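Student:
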Amino acid sequence: MRKMNYETNQNIRDRAVLVTLITDEVKRSGIDPQYSLDELFQLADTAGVEVLATMTQQRDTKDSKWFIGKGKVQELKAVIEELGATTAIFDQELSGAQVRNLEEALDVKIVDRTQLILDIFAQRAKTREGIIQVELAQLSYLLPRLSGHGKNLSRLGGGIGTRGPGETKLETDRRHIRGRITDLKRQLDEVVRHRNLHRERRKKSGVIQVALVGYTNAGKSTLLRQLALADVLVENQLFATLDPTSRQWELPNGQEVVLTDTVGFIQNLPHDLVAAFRATLEEVNEADLILHVVDASSPMREDQKNVVEDILQQLGAGAKNEIVLYNKKDMCTQEQRQLLPQNDNHFTISAYDEADLDRIRQAVQRQLVGQTVTYRIPADRGDIIALAYRMGEVLEQAVVDDDVAMQVRLDKSQAELHGYKLDDYQEK
Ligand SMILES: Nc1nc2c(ncn2[C@@H]2O[C@H](COP(=O)(O)OP(=O)(O)OP(=O)(O)O)[C@@H](O)[C@H]2O)c(=O)[nH]1
Ligand SMILES: [Mg+2]
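Using the UniProt record's numbering, the first residue of the sequence shown is number 1, and each one after it goes up by one.
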């Protein structure tokens, strides 16, 4: 059987067999293994890999040496040879030793789900910040596994699991990797510092921020494009967007807010990636309102929604005001549409439906203008108390320890225009 030679032609597409192992642990995790495998297929496709076959094994536990059962390894070898595959991609994370053993037995490149995701990010990273974050995540992932990758890393330069950001090759020497990680962390600290400064400036100027978040491919960038007329990349692929993009967005009442599109989430988002992307993801923490976009036509939409909620929680943004946009209604079955909640913060929409876009604008305006906040204002600041009555609607007022506690519904940005920073008086 003919084998691809990567050393002479790095542009040849990887040809892969996908492998998943369904253990009791996987079953308990609540993740549907078949769906996860479908998703792996899409990830492979996004990474430019041609999928030749998939293989599933059911087993109580994983094998510590081979991950899958020894007999299954032989079966996989036969399939690989028959189809001329160059890679085996596993849907679960492998240890360094498992990678090494499988590489030796199968003589193809061994990649796991995490590495595949990291590789897609490496292909997509364009900004300096994105590139630093991806490389840091990749090296943090690789370092403890390096012995398992030594052979293939040096033999295969350009393919999945070995690609550094911006088409450079990943460093493979352990000592150099350590040095590089230190260097990248330093650079990232610098980026974080800049971001914080920028953020503080924005906050001081009282700009209201709305963030689009959601599972990958839910339609976040499409909504940014439709709502804020932004010229951003929309693609029917996973992780089309990597770096947050912000645009001015004018609400029906003329108020300007900033709408930010963010990187999509996915189940089992690699830990190293979340850690490295904290600087980027923390933009979400600064938002006054989150628009959580869900692909309502996905059979897994509830699970996807939960994954996103979990990650928001991890980022400390779990308690933020949120509007859920069930997108792609045009692709939903009738049953799918009937099961969706409909109220002030749950909407069923299509990003391509003008009337729906209008409903979103109105809902966001309502949320932002109509936010009810409790302030504690020192009794001697009659000017602020008067401002609250003049500009907002006071729902309740009481005297607490010489302060005036007021529950007010008002538009903070209007107050800020008059030089008042009401946030300082907000009750925590
Ligand atoms: N039919 C239909 N397709 C939609 C709708 N909204 C978005 N899409 C399509 O869904 C695909 C993904 O859209 P994106 O806006 O790139 O999704 P995203 O959430 O930004 O995805 P990532 O950046 O990859 O995380 C594109 O092919 C869009 O054209 C919709 O309401 N209906
Ligand atoms: Mg996008």
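Note that beta-carbon positions come from the ideal geometry of N, C-alpha and C, so glycine has one too.
Here the structure is a predicted model, which means the values were calculated and not measured.
Is Val293 helix, strand or coil when you go by DSSP?
Tutor: It is a strand residue.
Student: With a threshold of 16 other CB atoms inside 10 Å of the CB of Glu75, please say whether the residue is buried or exposed.
Tutor: Counting Cβ neighbours within 10 Å, Glu75 comes out exposed, since fewer than 16 surround it.
Student: With a 10 Å radius around its C-beta and 16 neighbouring C-beta atoms as the bar for buried, classify Glu129 as buried or exposed.
Tutor: So Glu129 counts as buried.
Student: Suppose the cutoff is 6 Å on Cβ atoms and the five residues either side in sequence are ignored; what does the same chain contact list for Ile266 look like?
Tutor: Around Ile266: Thr216.
Student: Decide if Ser298 is buried, meaning its Cβ has at least 16 other Cβ atoms within 10 Å, or exposed.
Tutor: Per the 10 Å Cβ criterion, buried.
Student: By Cβ distance, which residues of its chain are closer than 6 Å to Ile22, with the 5 residues on each side in sequence left out?
Tutor: Pro33, Gln58, listed in sequence order.
Student: Should Glu283 go down as buried or exposed, given a rule of 16 or more other Cβ atoms within 10 Å for buried?
Tutor: Buried, because 16 or more other Cβ atoms sit within 10 Å of the Cβ of Glu283.
Student: Does the region 334 to 348 come close enough to the region 369 to 389 to have 3 or more Cβ pairs within less than 8 Å?
Tutor: No, they do not touch.
Student: Based on Cα-Cα distance, which residue from Ser64, Val108, Asp91, Glu104 lies nearest to Ala81?
Tutor: Note on identity: in this sequence residue 81 is Glu, with Ala being the wrong assignment. Ranking Ser64, Val108, Asp91, Glu104 by Cα distance to Glu81 puts Val108 first.
Student: Does DSSP classify Ser36 as helix, strand or coil?
Tutor: Correct three-state label for Ser36: helix.
Student: Check the DSSP bridge columns for Leu259 and list the partner residues they point to.
Tutor: Paired residue(s): Val210, Arg247.
Student: Identify the residues that DSSP records as bridge partners of Ile349: which are they?
Tutor: Paired residues: none, contrary to the question.
Student: Exposed or buried, what is Glu354 when buried is set at 16 or more other beta-carbons lying within 10 Å of its beta-carbon?
Tutor: Glu354 comes out exposed.
Student: Here's the rule I'm using: 16 or more other beta-carbon atoms within 10 Å means buried, otherwise exposed. How should Ala47 be labelled?
Tutor: Buried is the call here.
Student: Rounded to the nearest angstrom, what separates Ser36 and Tyr375 at their Cα positions?
Tutor: About 47 Å.
Student: Which residue wins for smallest C-alpha separation from Arg180, given the options Leu223, Glu103, Val134?
Tutor: Out of Leu223, Glu103, Val134, Val134 has the C-alpha closest to the C-alpha of Arg180.
Student: Cβ of Arg301 within 7 Å of Cβ of Val294?
Tutor: Yes, Cβ-Cβ distance for Arg301 and Val294 is below 7 Å.
Student: Using CA atoms only, rank isn't needed, just tell me which of Gln255, Glu93, Gln209, Asp303 is closest to Thr262.
Tutor: Here the closest residue by C-alpha is Gln209.
Student: If you draw a straight line from the alpha carbon of Ala16 to that of Leu83, how long is it in whole angstroms?
Tutor: Straight-line Cα distance between these residues: approximately 9 Å.
Student: Output needed for Asp330: all residues of its chain with C-beta closer than 7 Å, excluding positions within five of it in sequence on either side, in chain order.
Tutor: The residues are Ser350.
Student: Would the beta-carbon of Lys220 be found less than 6 Å away from any heavy atom of ligand 2?
Tutor: Indeed, a heavy atom of ligand 2 lies less than 6 Å from the Cβ.
Student: Since I believe Leu116 is in contact with Tyr141 (beta carbons under 8 Å), could you give me their beta-carbon distance rounded to a whole number of angstroms?
Tutor: In fact, because the Cβ distance is near 11 Å, the residues do not count as touching under 8 Å.
Student: What would DSSP say about Asp231, mapped onto helix, strand or coil?
Tutor: In this structure, Asp231 counts as coil in the three-state DSSP scheme.
Student: Determine the DSSP secondary structure at Glu282, reduced to helix, strand or coil.
Tutor: Helix at Glu282.
Student: As a quick exercise: from Ile323, Leu102, Asp38, Gly96, pick the residue whose alpha carbon is nearest that of Gly69.
Tutor: Checked all of Ile323, Leu102, Asp38, Gly96; the closest Cα to Gly69 is Leu102.
Student: Going straight from the alpha carbon of Thr20 to that of Asp303, what length do you get?
Tutor: Spanning the two alpha carbons is a distance of roughly 19 Å.
Student: For Phe67, tell me which candidate among Asp91, Glu39, Gln98 has the shortest Cα-Cα distance.
Tutor: Comparing Cα-Cα distances from Phe67 to each of Asp91, Glu39, Gln98, the minimum goes to Gln98.
Student: Any idea if Ala386 is buried or exposed, counting beta-carbon neighbours within 10 angstroms, 16 or more meaning buried?
Tutor: Result: exposed.
Student: Looking only at its chain, what residues have a beta carbon closer than 7 Å to the beta carbon of Met296, apart from the 5 residues adjacent to it on each side?
Tutor: At residue 296 the sequence reads Ala, which differs from the Met that was named. Only Tyr326, Asn327, Lys328, Lys329, Cys332, Gln336, Leu340, Thr348 meet the Cβ criterion.
Student: Do Val213 and Ile110 have their CB atoms nearer than 7 Å?
Tutor: Not a contact, by the Cβ cut-off of 7 Å.
Student: Which full runs of the alpha helix (DSSP H) of 4+ residues lie inside the region 90 to 132, going along the chain?
Tutor: Whole alpha helix (DSSP H) segments, 4+ residues: 96 to 106, 113 to 124.
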